[in-house]
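Right, one structure below, let's go through it.
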């Protein structure tokens with residue numbers, strides 16, 4: 014048979030017999046199709062057959078053929094022996110069977126498997142639906158808002174409201190249960206309005222704000238996230254007990270029972286209703302606006318979303334000024350931050366915050 018190549022000029026076909034020169038070793042055919050083979054002194058491998066032509070005006074050249082085994086007469090025995098050994102080694106390795114893993118290695122693989130599963134759950138839980146927030150302000154604005162809010166919180170609750178009450182001719186201690194509940198409600202409302210005013214003033218030069226900031230909407234598929242967050246309440250309660258065991262109780266001063274507890278003990282329905290509004294409506298609204306609405310998205314400019322959730326949760330816990338509730342508040346802040354990041358909506362985190370405060374309030378009433 015003859016090999017062929019499509020070229021622009023018609024050239025005579027070369028046969029294998031015409032290409033072989035007496036000075037080259039003998040080629041032996043081994044169960045292959047008739048192909049054109051090159052003549053090479055160093056060829057000892059199986060290769061594929063290709064016939065190529067360099068030019069219409071030049072000689073034909075034969076390259077890279079395989080299905081023919083080049084056996085030199087003087088080295089045939091050694092070559093066959095080395096090839097046989099090589100094929101034998103491969104065959105022995107294939108017949109070895111599966112390698113048994115060490116028990117310690119299996120335990121390590123199991124740990125890695127569970128860690129990867131937890132990592133996937135966390136990635137899915139902390140995943141944000143939507144584009145990253147565009148933060149036009151720097152750390153200076155972030156610290157300005159947070160410090161001014163803390164200062165206003167302390168100044169209003171400890172100085173302004175008591176001063177106004179004293180100017181009106183009464184003090185908080187002299188009020189009835191209902192009066193104290195109303196006093197707490199007014200204080201909380203003023204603190205919340207002050208925090209919103211600080212945000213409005215500090216962010217005024219960045220208006221209009223980019224899309225996605227302080228988004229509040231009833232629409233959306235956020236109900237599942239709120240329900241999932243509610244399932245974490247027993248764990249938050251358990252962390253609260255653990256925190257109390259870790260941090261010794263600070264002795265309360267004589268008569269140091271809070272006005273909320275006094276109203277609950279007195280079973281005054283009006284006072285309890287006013288306190289319920291304080292803990293379930295007012296506090297969740299303005300705390301979520303500051304910590305989840307402003308602080309969490311602002312931190313994403315300098316760190317990942319996951320760390321932004323954690324840092325904002327720590328700030329949320331520290332703002333309550335209660336070491337015995339630090340752990341549960343951090344965990345609760347992480348849950349509410351994750352819900353806000355997933356939904357990009359302040360309503361779910363506010364609702365979750367309100368449900369937790371209501372859960373604690375009902376627990377006090379028992």
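In this note's numbering, the protein residues as written are 14 to 379. In this text, a Cβ means the ideal position worked out from N, Cα and C, and glycines have one as well. Owing to the predicted nature of the structure, the values given are computational and were not obtained by experimental measurement.
Using the Cα positions of residue i and residue j, report the straight-line distance between them to the nearest angstrom.
i	j	result
residue 360	residue 351	13 Å
residue 353	residue 247	20 Å
residue 166	residue 211	11 Å
residue 363	residue 184	32 Å
residue 174	residue 144	42 Å
residue 236	residue 186	42 Å
residue 365	residue 229	14 Å
residue 326	residue 256	16 Å
residue 307	residue 164	17 Å
residue 180	residue 168	17 Å
residue 240	residue 226	24 Å
residue 250	residue 218	42 Å
residue 170	residue 146	33 Å
residue 178	residue 275	21 Å
residue 182	residue 176	10 Å
residue 273	residue 379	13 Å
residue 367	residue 337	21 Å
residue 254	residue 261	12 Å
residue 243	residue 209	27 Å
residue 10	residue 349	The question about residue 10 has no answer, for the chain in this structure spans 14 to 379.
residue 258	residue 319	29 Å
residue 245	residue 231	23 Å
residue 151	residue 172	31 Å
Check whether the Cβ atoms of residue i and residue j sit closer than 8 Å, and answer yes or no.
i	j	result
residue 190	residue 281	yes
residue 311	residue 148	yes
residue 358	residue 233	yes
residue 296	residue 201	yes
residue 4	residue 323	In this structure the chain extends from 14 to 379, so residue 4 is not present and cannot be described.
residue 339	residue 328	no
residue 341	residue 216	no
Closest to residue i by C-alpha separation, out of the options, would be which residue?
i	options	result
residue 213	162, 259, 370	162
residue 160	228, 231, 304	304
residue 277	254, 375, 226	375
residue 369	181, 209, 294	294
residue 9	172, 239, 216, 193	Residue 9 cannot be examined here, being either before or after the span of the chain that is shown, 14 to 379.
residue 284	367, 188, 330	188
residue 289	339, 372, 252, 331	372
residue 355	333, 332, 309, 254	309
residue 279	377, 151, 172	377
I want to check one thing, is the minimum distance from the CB of residue i to the heavy atoms of the ligand FAD below 7 Å?
i	result
residue 367	Ligands in the displayed structure: none, and consequently the ligand FAD is not present.
Could you tell me whether the Cβ of residue i comes closer than 8 Å to any Cβ of chain D?
i	result
residue 187	The structure shown has no chain D; it contains just one protein chain.
Contact between the segment 299-313 and the segment 201-209 (3+ Cβ pairs under 8 Å) | The way I'd put it, the segment 299-313 does touch the segment 201-209; three or more beta-carbon pairs between them come closer than 8 Å.
The segment 216-230 touching the segment 336-347, judged by at least three CB pairs closer than 8 Å = The segment 216-230, when compared against the segment 336-347, does not touch it at the 8 Å Cβ threshold.
Any chance the segment 303-316 sits against the segment 155-162, with 3 or more Cβ pairs inside 8 Å?
-> Yes: at least three Cβ pairs fall under 8 Å.
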